[in-house]
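Enquirer: Take this structure first; my questions come after.
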Amino acid sequence: MTTMSLATPTNDQSVQSTDSAYGPALGIFPRTPMGRFFFLWGTLNVVLALLPVYNILGNSADVGLMSMPITVVYCYGVFSLNCILGVAYYLTRGRAWVAMCGEFAQKDSSKGEAQ
Amino acid sequence: MITALTLLGIGLYLVLMFYIAYRAYQMNKHDDPEDWFLMGRSANTAMLVGTMFATWFSTFAFLGGPGFFYKNGVNWLLFGFFNAMGPILVMVIGPRIWALGKKFDFITPADLLSAYYNNSRRIRVLTGLICIAVLFPYSAIQITGIATALNSISGGLIAFNVGVLLIAVCVGVYSFVGGSRAVVWTDVIQGFAFAALLIVTMLLVIRWSGGWEQGWAAATQTKPEHFAFEGGAGRYITVMTLFTFGWILTPHLWQRLYMADSPQTLVKGAAITSFLALFVVTFTGAVIGMMALGMDFALPEGITSDALVPELYAQFLPAMGAVLVIAVFAAGMSTLDSQLISATSSFIQDLLPSVASVEPRKAMQLARVFEIAFVLALVAFAFSPSGRQLIAPLASIGVGMALTLLLPLLGALFWARASEPAVFWAMLLSWGVMIAMQFNLLPNPGIVGPPLWGLLVSAIAFFGISLAKDDPVDAERRQAFQDDMAPQFPETAEAQVQAAQAANA
Chain C
1 MTTMSLATPT
11 NDQSVQSTDS
21 AYGPALGIFP
31 RTPMGRFFFL
41 WGTLNVVLAL
51 LPVYNILGNS
61 ADVGLMSMPI
71 TVVYCYGVFS
81 LNCILGVAYY
91 LTRGRAWVAM
101 CGEFAQKDSS
111 KGEAQ
Chain D
116 MITALTLLGI
126 GLYLVLMFYI
136 AYRAYQMNKH
146 DDPEDWFLMG
156 RSANTAMLVG
166 TMFATWFSTF
176 AFLGGPGFFY
186 KNGVNWLLFG
196 FFNAMGPILV
206 MVIGPRIWAL
216 GKKFDFITPA
226 DLLSAYYNNS
236 RRIRVLTGLI
246 CIAVLFPYSA
256 IQITGIATAL
266 NSISGGLIAF
276 NVGVLLIAVC
286 VGVYSFVGGS
296 RAVVWTDVIQ
306 GFAFAALLIV
316 TMLLVIRWSG
326 GWEQGWAAAT
336 QTKPEHFAFE
346 GGAGRYITVM
356 TLFTFGWILT
366 PHLWQRLYMA
376 DSPQTLVKGA
386 AITSFLALFV
396 VTFTGAVIGM
406 MALGMDFALP
416 EGITSDALVP
426 ELYAQFLPAM
436 GAVLVIAVFA
446 AGMSTLDSQL
456 ISATSSFIQD
466 LLPSVASVEP
476 RKAMQLARVF
486 EIAFVLALVA
496 FAFSPSGRQL
506 IAPLASIGVG
516 MALTLLLPLL
526 GALFWARASE
536 PAVFWAMLLS
546 WGVMIAMQFN
556 LLPNPGIVGP
566 PLWGLLVSAI
576 AFFGISLAKD
586 DPVDAERRQA
596 FQDDMAPQFP
606 ETAEAQVQAA
616 QAANA
């Protein structure tokens, strides 16, 4: 079952200080330039994906690139930006996290040895 | 002849699945919930990709997706957006969920939420109930999807009700015997079999349509109105939001984040899944559903669009019926078994301890009883008129309810100000509003669908109550979940450095 032991706070959190200077604002908006860049990229993808829905861009049954209807080509082009965002995030953030997070993997291997 | 081949194929397939379940049974630690529900957190990259892929891309993707494209054309295209974006969110918030799960041995979503919010019993129970409620309609569509396909391909020989019973017994038995280890192993096989058949089906449909260019031309000429969005932006925004965020929040997907054997496995698996989800599942579904519009083909009277793929095979290549049924079995079972295990874990971890103190061995025995009860409830629901609704709307109801967990999760991971009362009321009110609107007990004001109204209520309660009263969770919990985690992640580590520099300046 879940095992949870908590250490005594080592900083000023014993008082009611909840204005974290490093966590995303309201738990949503990143504070670093790189974090904001990815956040804006994701938001831009959402906006681009909605343009044909509002009939602003890319909404047509005419045949376009690769002999496909323009709406389908446009939408899959935008959706692919999500995948590219994923690769960029993996290269700049994901791999860095893997390197920083070694202690958890060590915990896992020590568990295995104990068993 | 085809029916005999179909039954033989199903029989052989099930023998293989039961063999895998037996091998898993031999390896399982039967009284260890972590081993039973999360396969001991030992999924490697192939297993994680296979199980994420197979678990998410169920009969919904194989039957509901192409069927919806056939019925609604591009109006269902935003289905592709969340398939590509959902796995990206796994990379953004998944590592923290994984790390906390590893650190504190979390098994269910409620483990994490209740632990952060002052070990709140009411949050644990509410989260457990929501998780089971999310899983129920989603599990039901797997059963009905497979039974529909069986009925269609066999030309009515295998009645819908017989199909329902068949799949329920099969999944019940091998989940009962093999636990999550059997589920993940079979997911890998089922996921790749399912993906291969989707690609093959797409290629066949292109061929049956007269080729790539002619197929699109015929489809756009036959139904031009299906290739341009028809308005109703609120509906698209609802679908996009609920699936994009709901994907990672469905309990069986959330638990897959706990399962990874290493950080590398998790981020690499998410990146790969993003491509697979977009190009293998949604693109093939779009091509199948839309090109079928231009083919010399029509769904028989009284058959729903969910049966598009089986009907295409029945009319153009009946000999593939056996393979198709097996693939549909694979798609449905791979999701259903994960959901069954997940619902059971919520019962054992979150609900049972709230009503009785049960020793671990007894709890695991009760888990088996719950599994059987859950399957029986699914069968009863599948036999009802509600259970025979179209697959996609039922999936939307299930995933929509998972959105109630979004802000509580973000609060636990990132926002120290989030309070226990805020989270409890946000979850309760948003869930209530969502369900009431979904079942017409409350009028929908319009513009967007019930899931987004529920999310709005959740946001108002969560931020409103948290900001109105500075009543955060215990300091040691904030430290364990947020301060101690901050240096382990690039975003918060960099922000900490920035904050320190600003303070020094």
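If you're matching them up, the sequences are chains C and D in order.
Residue numbers for the first sequence follow our numbering, so the first one is 1 and each next one is one higher.
Residue numbers for the second sequence follow our numbering, so the first one is 116 and each next one is one higher.
Glycine residues also receive a C-beta, built at the ideal position from the N, C-alpha and C atoms.
1. Let me know if C:M68 comes out buried or exposed under the rule of 16 or more other beta-carbons within 10 Å of its beta-carbon.
2. I think D:I304 touches D:T399, with their Cβ atoms under 8 Å apart; what is that distance to the nearest whole Å?
3. So which residues on chain D does C:L85 lean against when the C-beta distance must stay under 7 Å?
4. Shortest alpha-carbon distance to D:M516 belongs to which of D:L544, D:A533 and D:F496?
5. What residues match up with D:F604 in a beta bridge as DSSP calls it?
6. Does C:V63 come out as helix, strand or coil in the three-state DSSP assignment?
7. Give, in chain order, every residue of the region 348-364 of chain D whose Cβ lies closer than 8 Å to some Cβ of chain C.
8. Would D:G526 and D:M549 be called neighbours here (beta carbons separated by less than 8 Å)?
9. Distance check for C:I84 and D:L597, CA to CA, integer angstroms please.
10. Between D:P210 and C:C101, how many whole angstroms is the CB-CB distance? I'm expecting something under 8 Å.
11. Quick one: Cα of D:F496 to Cα of D:P252, how far?
12. Measure the CB-CB distance between D:S295 and D:L153 and report whether it falls below 8 Å.
13. Take every Cβ of the region 412-423 of chain D, pair it with every Cβ of the region 128-140 of chain D, and state whether three or more of those distances are shorter than 8 Å.
14. Out of curiosity, what's the CA-to-CA distance linking D:L455 and D:S254?
15. Use the C-beta contact count for D:T397: other C-beta atoms within 10 angstroms, 16 or more gives buried, fewer gives exposed.
16. Using the Cα positions of D:G447 and D:V470, report the straight-line distance between them to the nearest angstrom.
17. For D:G519, count the other beta carbons within 10 Å of its own beta carbon; 16 or more makes it buried, fewer makes it exposed. Which is it?
18. Going along chain C, which residues have a C-beta under 7 Å from D:Q616?
19. Is there a Cβ of chain D sitting closer than 8 Å to that of C:Q13, yes or no?
20. How should D:A576 be labelled, buried or exposed, when 16 other C-beta atoms within 10 angstroms of its C-beta is the threshold for buried?
21. By Cβ distance below 6 Å, which residues in the same chain neighbour C:L81 in space, the five residues on each side in sequence not counted?
22. Measure the C-alpha to C-alpha separation of D:L318 and D:F168 and round it to an integer number of angstroms.
23. Among D:F197, D:E606, D:F462 and D:L491, which residue has its Cα nearest to the Cα of D:P224?
24. When you compare the region 429-436 of chain D with the region 349-367 of chain D, are there three or more beta-carbon pairs, one atom per stretch, that lie closer than 8 Å?
25. In this structure, how does DSSP classify C:P52 when only helix, strand and coil are distinguished?
26. Between the Cα of D:N233 and the Cα atoms of D:A531, D:L272 and D:G179, which residue gives the shortest distance?
27. How should D:Q480 be labelled, buried or exposed, when 16 other C-beta atoms within 10 angstroms of its C-beta is the threshold for buried?
28. Could you name the residues that DSSP lists as bridge partners for C:P69?
29. Looking at C-alpha atoms only, which residue of D:E606, D:G547 and D:G417 is the closest neighbour of D:G271?
30. Does the region 196-213 of chain D touch the region 333-348 of chain D, meaning 3 or more C-beta pairs lie closer than 8 Å?
31. Report the option in D:H367, D:G547 and D:P415 whose CA atom is closest to the CA atom of D:S460.
32. Who are the Cβ neighbours of D:E486 in its own chain at under 7 Å, not counting the five residues just before and after it?
33. Straight-line CA distance for C:S14 to D:S229?
34. Once DSSP output is grouped into helix, strand and coil, what is the label at C:A114?
35. What is the DSSP secondary structure of D:A158, reduced to helix, strand or coil?
36. Quick one: is D:E416 near chain C, going by C-beta distance under 8 Å?
Expert: Based on what the coordinates show:
1. buried
2. That pair is no contact at about 19 Å.
3. I203
4. D:L544
5. DSSP lists no partner for D:F604.
6. It is a strand residue.
7. Across the region 348-364 of chain D, CB contacts with chain C closer than 8 Å involve A348, Y351, I352 and M355, in sequence order along the chain.
8. no
9. The amino acid occupying residue 597 of chain D in the given sequence is Gln; Leu does not appear at that position. The alpha-carbon atoms of D:Q597 and C:I84 are separated by roughly 29 Å.
10. 7 Å
11. 9 Å
12. yes
13. no
14. 8 Å
15. So D:T397 ends up on the buried side.
16. 33 Å
17. Reading off the sequence, residue 519 of chain D comes out as Thr, not Gly. Answer is buried; the Cβ neighbour count reaches 16.
18. Neighbours of D:Q616 on chain C: none; closest Cβ ~11 Å, over 7 Å.
19. Low per-residue confidence applies at C:Q13: pLDDT is 47, beneath 50, and the placement is therefore not dependable enough to give any value.
20. Here D:A576 is buried. Its C-beta has 16 or more other C-beta atoms within 10 Å.
21. Correct list, in chain order: N45.
22. Taking C-alpha positions only, D:L318 is separated from D:F168 by approximately 21 Å.
23. D:F462
24. no
25. coil
26. D:A531
27. exposed
28. C:V63
29. D:G417
30. Cβ pair count under 8 Å is below three, so no.
31. D:H367
32. Answer for D:E486: G287, S290, F291, L455 and T459, listed in chain order.
33. Note that C:S14 has pLDDT 46, beneath the 50 cutoff, so the model's placement of it is unreliable and no number is given.
34. Confidence at C:A114 is low in this model, with a pLDDT of 38, below 50, so the placement of that residue should be treated as unreliable; the coordinate-derived value is given next. In the structure shown, C:A114 sits in a helix (DSSP, three-state: H, G or I).
35. strand
36. no
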